[in-house]
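Below you'll find the structure, written out as structure tokens, and then a few comments.
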Amino acid sequence: MLDKKIIKKRNICSTDIEVINGIPVIKYQSFCDIPGITHGFSTRIGGVSSGIYESMNLSLTRGDDPEKVMDNFRLFGNAVGIKTSQMVFTDQTHTTNVRVVTKEDTGKGILRERDYKDIDGFVTNCPGVGLVTFYADCVPLFFADPCKKVIALSHSGWRGTVGKIGAKTVGMMTDVFGCRPENIVAAIGPSICGDCYEVSSDVAEAFKAVFKKEQYEAMILCKGDGKYQLDLWKANAFILEDSGLLKRNISMPDICTCCNPESMWSHRKTGAHRGSLAAFLMITEGLNDYS
Numbered sequence: 000m001l002d003k004k005i006i007k008k009r010n011i012c013s014t015d016i017e018v019i020n021g022i023p024v025i026k027y028q029s030f031c032d033i034p035g036i037t038h039g040f041s042t043r044i045g046g047v048s049s050g051i052y053e054s055m056n057l058s059l060t061r062g063d064d065p066e067k068v069m070d071n072f073r074l075f076g077n078a079v080g081i082k083t084s085q086m087v088f089t090d091q092t093h094t095t096n097v098r099v100v101t102k103e104d105t106g107k108g109i110l111r112e113r114d115y116k117d118i119d120g121f122v123t124n125c126p127g128v129g130l131v132t133f134y135a136d137c138v139p140l141f142f143a144d145p146c147k148k149v150i151a152l153s154h155s156g157w158r159g160t161v162g163k164i165g166a167k168t169v170g171m172m173t174d175v176f177g178c179r180p181e182n183i184v185a186a187i188g189p190s191i192c193g194d195c196y197e198v199s200s201d202v203a204e205a206f207k208a209v210f211k212k213e214q215y216e217a218m219i220l221c222k223g224d225g226k227y228q229l230d231l232w233k234a235n236a237f238i239l240e241d242s243g244l245l246k247r248n249i250s251m252p253d254i255c256t257c258c259n260p261e262s263m264w265s266h267r268k269t270g271a272h273r274g275s276l277a278a279f280l281m282i283t284e285g286l287n288d289y290s
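Under numbering that gives the first Met the number 0, the sequence shown is numbered contiguously, ending at residue 290.
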């Protein structure tokens, strides 16, 4: 059984850690309050992988035993109520490309080949389509419009954040499905915090070029010698608010992946010798109006 104290949380306290059949699942209360969807974010605890991948590694591309990884997907999927046959994987390459997926896409990336590439975000209105994206410090972005019964899940590293994939995801929800931004509930998932994320001047300048002055000053701290601390949490919150989401409908993360190397995978902490975390989101049935 997981001792919840092993995961250091900040003071925002928007997440809860639910242990289901011995599997820790990080959830957002704002999404738990919406009937008809299931969601969750993994830790590195509760799986069957070994060595540098111990134990809940959710990546089939990092050199781990594929059979153990599949067991991990089954274990975590059972915990959140998503079958492996319902899952559809992104093909993340730090783009801002977002794709609409349907039941015809289920199983792609896990049980059969993908017929798409360079996709960092998904949108769907189809029940039974389990959206899955992957992380080890980058920012997960969860979206749900309970009025139009539409969900989305996007991966936002620093490149995706500069490119404002969050805004592009909201744009696809509105353009394709008629969602209204003020009805969309969003959560910025567990990822690296501003205190841990040091970047070089070229990254800082890229953010300066696309954000308002007051936003840039709130998310970037100059340390001197061409080094900066970058707060991707604030950056993505600004993007979502600028896209028309209500501030009260945006849940901020309270778990930093880099601050929790014993329970979370962090590329900044361990480099390439690691497993991956994953975010899951699916419409089940009975997604009713929500206010």
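Note that beta-carbon positions come from the ideal geometry of N, C-alpha and C, so glycine has one too.
| query | result |
| --- | --- |
| Nonlocal neighbours in the same chain, by C-beta distance under 7 Å from M251, ignoring five residues either side | I11, S13, I187, W232, A236 |
| Range of the contiguous beta strand (DSSP E) that encloses F279 | 276–282 |
| Three-state secondary structure assigned by DSSP to A203 | helix |
| Delimiting residues of the beta strand (DSSP E) encompassing G223 | 219–223 |
| Per-residue DSSP class, three states only, for E197 | strand |
| Any 3 or more C-beta pairs closer than 8 Å across the stretch 73–84 and the stretch 21–28 | yes |
| Coil, strand or helix - S155 by DSSP | strand |
| Beta-carbon proximity list for S155, same chain, < 7 Å, skipping 5 on both sides | C137, V138, L140, I164, G165, N235 |
| C-alpha distance - S48 paired with L59, whole-angstrom precision | 12 Å |
| Per-residue DSSP class, three states only, for Y115 | coil |
| Residues sharing a beta bridge with C146, DSSP | None; C146 has no bridge partner. |
| Contact set for T173: own chain, Cβ-Cβ below 8 Å, skip 5 residues either direction | R179, P180 |
| Q85 vs T105 beta-carbon contact at 9 Å | yes |
| DSSP-derived helix/strand/coil call for C255 | strand |
| Terminal residues of the beta strand (DSSP E) in which M86 lies | 86–88 |
| DSSP three-state assignment for P260, whether helix, strand or coil | coil |
| Test item: CB-CB of A278 and L130 under 9 Å | yes |
| Distance CB(K226)-CB(S200) smaller than 9 Å | yes |
| Close-in-space but distant-in-sequence residues of the same chain around K207 (CB under 8 Å, 5 per side omitted) | Y215, I219 |
| Reduced DSSP category for K226 - H, G, I as helix; E, B as strand; rest coil | strand |
| Pick from A205, G62, T42 that is closest to G162, judged by C-alpha positions | A205 |
| Extent of the continuous beta strand (DSSP E) to which T339 belongs | The structure shown does not extend to residue 339, since the chain is modelled only from 0 through 290, so no value can be given for it. |
| R314 versus V202, E240, C192, residue with shortest Cα-Cα distance | Because the chain here runs from 0 to 290, residue 314 falls outside it and cannot be looked at. |
| N- and C-terminal bounds of the beta strand (DSSP E) containing A186 | 184–187 |
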